[in-house]
Every structure is written in C-alpha cells, then in structure tokens.
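Per our numbering, residue 45 is the first one in the sequence shown, and the count goes up by one each step. Where a beta carbon is used, it is the ideal one built from N, C-alpha and C, also for glycine. A short worksheet on the structure shown next.
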Amino acid sequence: MMAQKEYRPGFSLAGAVDLSSLKHKADAAMGEQGGAPAPGGYVIDVTESSFEAMINSSSTFPIILLVWMQDDERFFDVARALGNMVTALNGQLQLARIDGASNPQIVQALRVQGVPALYGLVAGRPIPLMQGMPTETELQQLEETLFPQIIAMAQQSGVTGSAPFVGEVSSDAEAGAGEQAEPSIPPEHENAHNLALAGRYEQAAAAYGVLVERDPHDALAARERAKCLLLARNGSSDVRVLRDKAAQNPDGVNAQLDVADIDMIGGHIDDAFNRLLDFIPTHRDDMPAVRERLVEYFAIPDAADPRVKAARQKLMTVMY
Numbered sequence: 045m046m047a048q049k050e051y052r053p054g055f056s057l058a059g060a061v062d063l064s065s066l067k068h069k070a071d072a073a074m075g076e077q078g079g080a081p082a083p084g085g086y087v088i089d090v091t092e093s094s095f096e097a098m099i100n101s102s103s104t105f106p107i108i109l110l111v112w113m114q115d116d117e118r119f120f121d122v123a124r125a126l127g128n129m130v131t132a133l134n135g136q137l138q139l140a141r142i143d144g145a146s147n148p149q150i151v152q153a154l155r156v157q158g159v160p161a162l163y164g165l166v167a168g169r170p171i172p173l174m175q176g177m178p179t180e181t182e183l184q185q186l187e188e189t190l191f192p193q194i195i196a197m198a199q200q201s202g203v204t205g206s207a208p209f210v211g212e213v214s215s216d217a218e219a220g221a222g223e224q225a226e227p228s229i230p231p232e233h234e235n236a237h238n239l240a241l242a243g244r245y246e247q248a249a250a251a252y253g254v255l256v257e258r259d260p261h262d263a264l265a266a267r268e269r270a271k272c273l274l275l276a277r278n279g280s281s282d283v284r285v286l287r288d289k290a291a292q293n294p295d296g297v298n299a300q301l302d303v304a305d306i307d308m309i310g311g312h313i314d315d316a317f318n319r320l321l322d323f324i325p326t327h328r329d330d331m332p333a334v335r336e337r338l339v340e341y342f343a344i345p346d347a348a349d350p351r352v353k354a355a356r357q358k359l360m361t362v363m364y
C-alpha cells in the first residue's frame with residue numbers, strides 16, 4: 045500500500061500549465077515528426093464520451109490517467125516517457141490520455157488545477173500521482189516506485205487482469221521499450237473482454253460463463269465473470285443509499301449482499317468476506333445465497349491470497 049506522502053496531489057505544482065494557455069501549439073499532427081506521440085499498444089486516448097467505459101475498465105486492470113494538452117509541444121516528452129514506461133510493463137498498466145482543453149467536464153470532475161496531471165485508477169478510484177511538469181527524478185520515482193505500488197494495490201483489490209494491446213504501438217514507444225509486446229488476452233476471451241470494456245457487464249458475464257462451462261479450470265474466465273457479475277449488480281449504485289439500507293435492515297440478506305458488493309468493488313475484500321460470514325450463523329435460511337456470493341467472490345483475488353484461504357476455512361466452520 046502506498047504511503048500518503050508518496051501519491052499526494054500537487055508535487056511540482058509550480059510547474060503546472062494553465063488550461064487556457066494556447067502557446068507552444070504544435071503544427072504537426074499527432075504521430076508525425078514534431079507532433080504528439082500517437083496512441084497504440086497499451087496507450088489509449090479517451091474523451092468525455094468514452095471516459096466512463098475507461099473508468100469501468102479499471103475494475104479489470106489498473107490504469108494510469110494523464111490529463112494533458114495534446115497539441116502543446118511542452119507535454120510531448122512527458123507523454124512519450126509515460127508511454128514508454130507503460131509499454132515496458134507489458135499490460136500490467138494501461139496509459140489513458142485525455143486532452144484537458146477539449147474535455148473540460150472531466151477536468152472539473154477531477155478538480156484539476158493545471159496540466160499535466162496524473163492519476164492512478166484502481167476499481168474506479170482515482171489516486172492522485174502528479175500535477176505539474178515532472179523532473180527527471182520525479183519521472184524515475186513514478187517508474188520505480190509509484191507505478192509498482194499501483195500494480196500492487198490493484199492486485200490486493202482483486203484487479204489482476206491485463207490491459208489489452210491495441211493496434212500498432214507508436215514508434216516513440218517502440219524506441220523506448222524494445223520489442224513489441226504481444227496481446228495478453230487469450231483469443232477465446234476477446235469477445236467477453238470487449239463486452240466488459242464497453243461496460244456491457246451482464247453480457248460479458250454470460251460470455252465468460254460459457255468459457256467456464258467449456259473449461260472449468262479456466263481461472264481467468266472465472267475471475268472475469270465474477271467481476272462482471274459484481275459490476276452488473278452494483279457497479280453504478282449509490283454507495284451511501286446501499287449502506288443506509290443495510291444499516292436499517294440488518295436481517296435483510298439482499299441489503300447485506302449489496303453492501304458486500306460495494307466493499308469488493310472498493311477493494312475492501314476482508315470487509316466483504318466478514319460481513320457475509322458473520323451473517324450466516326444467525327440467518328441459516330439465507331445460507332445458500334450467501335454461500336453462492338462468497339464462492340463468486342473467492343474467484344476474484346489470486347487463488348493463493350491468504351484472505352481467500354482464511355475465508356474458505358471460516359465458511360466451512362459456520363456452515364456446519
């Protein structure tokens with residue numbers, strides 16, 4: 045887990061560039077010599093229309109979000125450096141870039157004071173990493189310390205998927221990362237994976253379910269199916285409303301299941317497990333539904349996660 049001081053917003057704040065600035069505009073198009081580095085590989089560009097789908101994807105794999113100005117040459121070196129870092133990780137992270145000048149609502153929602161600004165995204169949660177032009181030392185800190193910590197945080201939250209490899213990687217990233225990486229999504233998973241990326245979680249869960257039926261040992265399909273079921277149920281629910289309902293109805297199994305979902309989505313895995321395990325002894329009639337939900341949850345973290353092992357043992361104890 046990252047310490048507060050390591051990902052606080054605003055380091056290099058003095059170097060932040062005001063969004064209204066129109067100086068240093070590049071004449072060359074993106075991807076051309078003198079223009080911004082093009083997306084490709086594990087680097088994507090997002091807009092307000094695709095922003096929600098990108099946020100949803102962070103429940104499958106962790107994302108680094110860069111708010112920049114894509115036609116301002118001062119940002120090109122930073123974008124290029126970040127692209128190289130992410131490409132070298134071969135799908136452990138995705139870099140999503142959004143143009144602050146063209147997407148003011150996103151800038152406002154993130155409370156961006158200046159660009160560039162950098163965030164980690166894990167299960168929909170933004171983690172401020174940087175605001176302002178980074179120094180070489182700060183770029184090194186991102187690569188050697190903060191990015192690995194984002195990956196570790198994601199794994200602890202059950203976000204263990206790999207980012208998709210999209211199209212051709214830019215020549216800038218190829219120069220910095222050596223050989224081009226291969227796609228990490230199994231071909232038979234592509235349809236389900238694309239449905240999940242589009243936020244069509246019920247359909248994605250059904251598609252992953254077919255894969256599990258074909259191969260009960262496909263742990264990746266089982267994990268992604270469980271995530272999609274989770275997000276289909278409560279990925280866009282009002283957390284406060286669900287928690288209030290559970291507090292007012294402590295004996296209601298559906299209310300408790302909903303809050304457990306919210307805990308899982310937020311990465312509070314122990315809280316989700318314990319809520320349901322503690323519910324069983326005094327609500328034996330609801331045990332089948334609770335057990336089914338727990339078994340679904342167990343597929344999300346790594347199989348060797350000690351929290352899963354402990355919860356499985358406790359489930360056996362409270363059931364008999």
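Inter-residue spacing [alpha-carbon to alpha-carbon] between residue i and residue j
i      : j      : result
ALA266 : ALA343 : 6 Å
ARG118 : ARG124 : 11 Å
ASN298 : SER94  : 32 Å
LEU255 : ARG141 : 32 Å
MET331 : ILE107 : 37 Å
ASN147 : MET363 : 52 Å
GLN152 : ALA167 : 21 Å
SER214 : ASP329 : With a pLDDT of only 46 at SER214, under 50, the local geometry of the prediction cannot be trusted, and the value read off the model is given with reservation. Taking the straight line joining both Cα atoms gives about 57 Å.
GLN184 : ILE194 : 15 Å
ALA240 : SER101 : 7 Å
GLN175 : ASP259 : 46 Å
PRO350 : PHE105 : 21 Å
ALA132 : THR189 : 15 Å
GLY158 : GLN114 : 14 Å
ASP322 : ASP314 : 12 Å
THR204 : VAL111 : 24 Å
VAL5   : VAL130 : An answer regarding residue 5 cannot be provided, because it is not within the stretch 45 to 364 covered by the chain.
ASN238 : ARG319 : 32 Å
VAL352 : GLN247 : 27 Å
Any C-beta of chain C under 8 Å from that of residue i
i      : result
ILE313 : Absent from the structure is chain C; it holds one protein chain and no more.
Cβ neighbours of residue i in the same chain (closer than 8 Å, five flanking residues each side left out)
i      : result
ARG277 : ASP302 and ASP305
HIS327 : ASP295, VAL297 and VAL334
ARG287 : VAL303 and ILE306
ILE309 : SER103, ALA167, GLY168, LEU274, LEU275, ASN278 and GLY279
Residues near residue i by beta carbon distance below 6 Å, same chain, minus five either side
i      : result
PHE317 : ALA355
LYS289 : ALA299
VAL283 : ILE306
TYR245 : CYS272, LEU275 and ALA276
LYS358 : LEU321
ASN293 : ALA299
ILE324 : MET331, VAL334 and VAL362
Local conformation of residue i per DSSP, three classes
i      : result
MET197 : helix
TYR163 : strand
MET360 : helix
ASP329 : helix
MET177 : coil
ARG244 : coil
PRO345 : coil
PRO170 : strand
THR189 : helix
PHE209 : coil
PRO231 : helix
Near the ligand COA: residue i beta-carbon under 7 Å from a heavy atom
i      : result
VAL303 : Questions concerning the ligand COA fall outside what the structure shown contains, since it holds no ligand whatsoever.
Beta-carbon contacts of residue i that lie in its chain and below 7 Å, excluding the five residues immediately before and after
i      : result
GLU232 : LEU255
ALA249 : ARG269, CYS272, LEU273 and ALA276
Pair every Cβ in the region 198-212 with every Cβ in the region 123-138, then say whether three or more of these pairs are closer than 8 Å.
Enough Cβ pairs lie closer than 8 Å, so yes.
Inside the region 82-164 only - beta strand (DSSP E) runs reaching at least 3 residues
Complete beta strand (DSSP E) runs here, min 3: 87-90, 107-112 and 138-143.
Return the chain-ordered ranges of every alpha helix (DSSP H) run that is complete within the region 250-314 and spans a minimum of 4 residues.
The region 250-314 contains these whole alpha helix (DSSP H) runs: 263-278, 283-292 and 297-309.
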